[in-house]
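For reference, the structure discussed in these notes is given below.
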Amino acid sequence: MKISEADVLLVIDVQNDFCTGGALAVPGGEKVVPAINRIAQKFTNVVLTQDWHPHDHVSFASNHPGREPFQTLELDYGTQVLWPAHCVQGTAGAEFHRNLDVVRANLVVRKGFRRGIDSYSALFENDQKTPTGLLGYLRERELRTVFVAGLALDFCVRFSAEDARNAGFEVAVIEDACRGIDLDGSVAATHQSFRERGISIVGLEAFL
Ligand code: VGL
Ligand code: ZN
C-alpha cells in the first residue's frame, strides 16, 4: 500500500495500564507495539491518543461504593462500564509503553480528563457531543483516510473508528495492530458495526 500525505495513522491508548501487568490489562496488549512501530515508519502523519483520567473519574468502579469493575451504571449520557482505576494522570500506568516509538508522532491527544464523563473515542467524549479537538485537526490538515491501531479494539479503537467514519473520513482498522478486551461479546459487536458502517479491516502485511 502506498501511504499518502492525506493518510493518518491514529494510534489509540498504547499505555502501560492496558498492557500486561497494568490496571486494565488487555490480553496481549503490548504485542501491538512492534507492529505499530513498523507501520508508523510509512506515515508522515501519526497521531497518538492517551487515556488521561483524574483519580476521581466517574468511570472508575472504586468511585462508586458497592460497585465492582465491569458492572455498568446509567449516567445522564448513557450506559457507562465501570472500570478498574486506570490511566490516572501523571502515573506510570498512564505513560505510553516504553517501546512505543513516540518520536514519530506529530500530535498527542489526551482524553477522558473531565471527571464526569468518559471518552472512548479520540474525536468525541461519550456524550457524543463534547469534541476533543481531533476532528478539527484532521479537517484543517486536510487528512482524508484514517488508519486506526491500538487498544482496545472493542472500546477506544471502535469508537474512534466509528466517529471518524461518521465525520466522513475513509477509515481502515489495522486489526493485527489492535487487541480487544471482549466484554459480553463486544469484539463480535465491533466487527458487525465495522461491516455495517463501511469501516474496512486491513492486515499488517499491506504495509510491509
Ligand atoms: C479504554 C476502557 C476504558 C480503551 C479506555 O482504551 O479502550 N477502555 N478506558
Ligand atoms: Zn479510560
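Going by the working numbering, the first residue of the sequence shown is number 16, and it counts up by one from there. Beta carbons are placed, not taken as given, at the ideal position from N, Cα and C, and that holds for glycine.
Setting aside the 5 residues that flank it on each side, Val123 is surrounded in the same chain by Leu63 and Gln65, each with a C-beta closer than 7 Å to its C-beta; the list follows chain order. A distance below 8 Å separates the beta carbons of Val61 and Val26. Per DSSP, the continuous alpha helix (DSSP H) segment holding Glu155 begins and ends at Leu149 to Glu155. Around the CB of Gln207, fewer than 16 other CB atoms lie within 10 Å, so the residue is classed as exposed. Residue pairing of Ile189 in beta bridges, as defined by DSSP: Val217. Here the distance from the Cβ of Ser74 to the nearest heavy atom of ligand 2 is below 7 Å. When distances are taken from the beta-carbon of Cys34 to the heavy atoms of ligand 1, even the shortest one reaches 7 Å or more. If you check the CB distance, Gly165 and Ile54 do not come in under 8 Å.
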